[in-house]
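**Q** Sharing a structure here in structure tokens format.
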Amino acid sequence: PTSLPARHPPRATRARPVRHHPRGTPARHPPSPPRACPTQDPVPDDTKGEEQSAETTGGVVVRTEQQQHQQEQHPEDATKVKEGPSEQLSSDESDALRARGNAAYQAGNLDEAREIYTHAISLDPSGASAHLLHSNLSAVYASLKDWKNSLLHAKRCVDVDHNFSKGWSRIGTAHANMSQPALALQAFRTCLRLDPGNAHAAQAVTSLERQLPPGSAGPPAVPPPAPSVAAVAAARPA
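Each residue of the sequence shown is one higher than the one before, counting from 1 in UniProt numbering.
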């Protein structure tokens with residue numbers, strides 16, 4: 001019979017060696033794509049604000065069509081377009097601050113009242129209520145016996161509104177307490193001329209006139225009325 005070839009046992013499949021990493025050494029993985037730094041501030045979406053405010057691009061201010069039209073119509077307001085809204089107080093805001101100062105003053109909180117009045121003046125130094133704020137601040141300093149600052153703000157009060165009689169009364173009070181009776185009498189006379197029914201000014205004038213020789217205080221501080229147009233024309237050289 002034909003001899004059969006000898007059978008060999010099947011080859012054993014070689015097992016791939018398992019690589020063991022030393023302890024503490026992490027296995028290597030393919031590099032992952034870079035991530036954004038979590039501490040970086042996100043870029044805000046300002047697209048909605050482009051219609052309402054000026055944006056900056058490369059340091060150049062870009063104005064909207066509405067702002068450009070406003071600048072062309074009102075060239076004197078060009079600075080306001082650049083700088084944004086002003087901090088100027090409205091009439092209601094100024095009155096609210098003044099009311100807070102008045103409440104603090106009436107409660108005897110003079111330092112608080114002084115801070116409120118000073119803050120209101122700094123926000124709107126030439127507003128409609130500026131003379132009232134300076135007058136009230138003068139009263140606060142008078143209560144603190146700080147006659148120098150009381151006189152300062154009383155003068156600023158009448159600089160804003162020359163015909164505000166209470167400002168002249170405060171000037172007179174400050175001068176009287178600074179041993180300047182002639183200047184005090186002049187200020188009280190001005191107050192009385194603007195407000196003939198002011199009993200405090202009338203009493204002060206009577207008292208100061210007794211202390212001073214007649215005519216030593218001079219005329220009231222209110223300037224004479226402006227000359228008429230005809231008088232000015234007549235005074236011009238031909």
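Glycine included, C-beta positions come from ideal geometry on N, C-alpha and C.
Would A187 and G172 qualify as a contact pair, given that the criterion is a beta-carbon distance under 7 Å?
**A** Yes, the Cβ-Cβ distance between A187 and G172 is below 7 Å.
**Q** Buried or exposed for T190, please, with buried defined as at least 16 other CB atoms from any protein chain shown within 10 angstroms of its CB.
**A** Its Cβ being crowded by 16 or more others within 10 Å, T190 is buried.
**Q** What do you get for K148, buried or exposed, if any count of 16 or more other CB atoms within 10 angstroms of its CB means buried?
**A** When all chains shown are included, K148 counts as exposed.
**Q** Can you check the UniProt repeat "TPR" (165-198) for any alpha helix (DSSP H) of at least 4 residues that lies completely inside it and give the ranges in chain order?
**A** Counting whole runs of 4 or more residues, the UniProt repeat "TPR" (165-198) contains the alpha helix (DSSP H) stretches 165-177 and 181-194.
**Q** Quick one: what does DSSP say A107 is sitting in, helix, strand or coil?
**A** Coil at A107, not helix or strand.
**Q** Do I116 and R100 have their CB atoms nearer than 7 Å?
**A** It is a contact, given that the beta carbons lie within the stated cut-off.
**Q** I'd like to check one pair, A201 with S169: are the Cβ atoms closer than 7 Å?
**A** Yes, these two residues count as a Cβ contact at 7 Å.
**Q** Using the beta-carbon count (16 or more within 10 Å), is H119 buried or exposed?
**A** So H119 counts as exposed.
**Q** Got a sec? Which residues, its chain only, sit under 8 Å from A135 by beta carbon, not counting five neighbours each side?
**A** The amino acid occupying residue 135 in the given sequence is Ser; Ala does not appear at that position. The residues are H153, A154, C157, F164, K166, G167 and R170.
**Q** Out of curiosity, what's the CA-to-CA distance linking A107 and P125?
**A** Cα to Cα, A107 sits roughly 26 Å from P125.
**Q** Which residues bound the alpha helix (DSSP H) around A154?
**A** First-last of the alpha helix (DSSP H) with A154: W147 to V160.
**Q** Check the C-beta distance from G127 over to S94 and give it rounded, since I have them as a contact under 8 Å.
**A** Contact flag correct, Cβ pair sits at about 5 Å.
**Q** So what's S126 in DSSP terms, helix, strand or just coil?
**A** Here S126 sits in coil by DSSP.
**Q** Measure the alpha-carbon distance for L133 versus A104 and round it to whole angstroms.
**A** L133 and A104: Cα-Cα distance of roughly 14 Å.
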